[in-house]
Amino acid sequence: MRITGVHVEVFSTPSRRAQDSAGHAHPGDEVMIKMALLRIGCDDGSEGYAFGPPELIRPHIIESFVRKVLIGRDPMDRESIWQDLAHWQRGSAGQFTDRALALVEQALWDLAGRTLKLPVHKLIGGYRDKVPAYGSTMCGDDLPGGLSTPDEYAQFAEKLVQRGYKAIKLHTWMPPISFAPNPQMDIQACAAVREAVGPDIALMLDGYHWYSRMDALTIGKALQKLNFAWFEEPMMEDSAESYAWLAANLDIPVLGPESIAGKFHSRASWVTQKSCDILRAGVAGVGGIGPCLKVAHLAESFGMDCEVHGNGAANLAVVGAISNCRWYERGLLHPFLDYEEIPAHLNSIVDPMDADGFVHLPDRPGLGEDINFAYIEANTLSRH
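Under full-length UniProt numbering, the residues of the sequence shown are numbered 1 to 384, in order.
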């Protein structure tokens, strides 16, 4: 089996998610957006697929880096291919990103699963068939009835518990909201949610890196009193030393890093510097499923949990394959949006949740995405 083709289809699909000037997602009017489907094909007719933003896998990226490495290779040699692609990143002047690398690697895993007729989570570990999910909210907003006040966070949290969630993670207000960042508003929202859902629901806060050490300490001490399960990314992650200081001064677990570069190498530094109590990695952020597994097993060797960042098929596959991850992140959620709504380019969502708050791992071969190829074909805007 040899790789003979790497192709990208850019298509239009409806979305009700808008971004503010700082890049945070919020509900909006329905608009048509662009999405890309990466296809990796072999001489025996087998294919693997991965979805991503078109800007990550522009024609220049595919031609200059991906095809040069992949064409003629055995698609099962994922580690060898990944290492070669990672070496190409050094000379790409930042154009070939970890997120682009992750898409290529995901498609290779999808191809392997489809070829072997096994779900990827079985190929990479097969630890469990279901996982409890936490509802991960969107950032706060100024939309009446949305997430504009602590009380609205509390009301939404009650609905999430009624839906079956046993855990909720808050993303509170960020710029460009006029009063953000504001530690006291964050604390008020967290307190309102705790009062609304009671003591038995696990709660977390993603502080989203806007705070100083002292503001982060203030918020963290308040979260301890509210019995939150973890405190995530309250400061810029470039300073591992600041996180080591925060972790040493709080009893609540500090979780990270989420957004820094460096793949598994930077996560190893955070462990050795005691900058976190729970390690963090997501498939897109560290360059693929394989690197995400390396981070999880690194954490495991130090007796630490590794919580996987973000939703989607690839992250769900990793969660299904490791023992030291408690939750699957399901989101981003908002009172004005229906997470269960099936995207036009799919026939079903990959992470349906039952009434008890469990997401069941897909049993379809590959990454488990139920792709609506007919829709994509009918709405394709370009190919390369």
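Heads up, the beta-carbon is just placed ideally off N, CA and C, and yes, glycines get one too. The structure displayed is predicted, hence computed values, not measured ones.
Cβ-Cβ distance between residue i and residue j below 9 Å
i	j	result
M138	L337	yes
G48	G282	no
L250	G220	yes
G52	L333	no
G140	A189	yes
G368	A313	yes
S12	N379	yes
E361	K130	First, the amino acid is wrong: residue 361 is Leu here, not Glu. A contact, by the Cβ cut-off of 9 Å.
A100	I57	yes
A167	A192	no
V120	I289	yes
R73	R2	yes
D215	P181	yes
A196	A222	no
Q162	P335	no
W109	R90	no
V359	Y328	yes
M235	R213	yes
D277	W230	yes
Nearest-angstrom Cα separation, counted from residue j out to residue i
i	j	result
residue 385	P175	Outside the displayed span of the chain (1 to 384) sits residue 385, for which this structure offers no information.
T272	H87	25 Å
A133	D29	28 Å
I260	R267	9 Å
C292	W82	13 Å
L205	T172	8 Å
A25	R194	24 Å
A240	S269	8 Å
E233	D43	45 Å
A355	G164	5 Å
F96	L226	43 Å
L279	A248	15 Å
G285	A102	8 Å
F228	V6	45 Å
G303	P253	14 Å
L160	S178	27 Å
F65	M76	19 Å
P27	Y211	25 Å
residue 413	M353	Residue 413 falls outside the range modelled here, since the chain spans only 1 to 384, and no answer is possible.
L118	L246	43 Å
K169	V318	20 Å
Residue i burial status per 10 Å Cβ neighbour count (16 or more: buried)
i	result
H60	exposed
S275	buried
Q19	exposed
E237	buried
K294	buried
G198	exposed
I71	exposed
M32	exposed
A22	exposed
R330	buried
G320	buried
G310	buried
H209	buried
E377	exposed
G45	exposed
Chain-order list of residues whose beta-carbon lies under 6 Å from that of residue i (same chain, five-residue window excluded)
i	result
A296	C306, I322
Y10	Looking at the sequence provided, one finds Val at residue 10 rather than Tyr. Around V10: K34, A36, P54, L381, S382.
D98	G287
H384	V8, P59
R17	A25
Q224	D251, I252
E300	N324
L85	V69, L101
Nonlocal neighbours in the same chain, by C-beta distance under 7 Å from residue i, ignoring five residues either side
i	result
T218	P183
Cβ neighbours of residue i in the same chain (closer than 8 Å, five flanking residues each side left out)
i	result
A244	Q273, K274, S275
V350	G312, A313, L316, P362, L367, G368, E369, D370
R39	G5, V6, H7, V8, E9, E47, G48, Y49, A107
S348	I342, D370
L143	H26, P27, F336
Closer than 9 Å to chain B by CB, residue i
i	result
S92	In summary, chain B is missing from the structure at hand, where a single protein chain is found.
Validate contact between the segment 327 to 347 and the segment 355 to 373 using beta carbons, cut 8 Å, 3 pairs: They touch, by the three-pair rule.
Would the segment 106 to 115 count as touching the segment 141 to 159 if we require 3 or more Cβ pairs under 8 Å? Between the segment 106 to 115 and the segment 141 to 159 there are fewer than three C-beta pairs closer than 8 Å, too few to call the two in contact.
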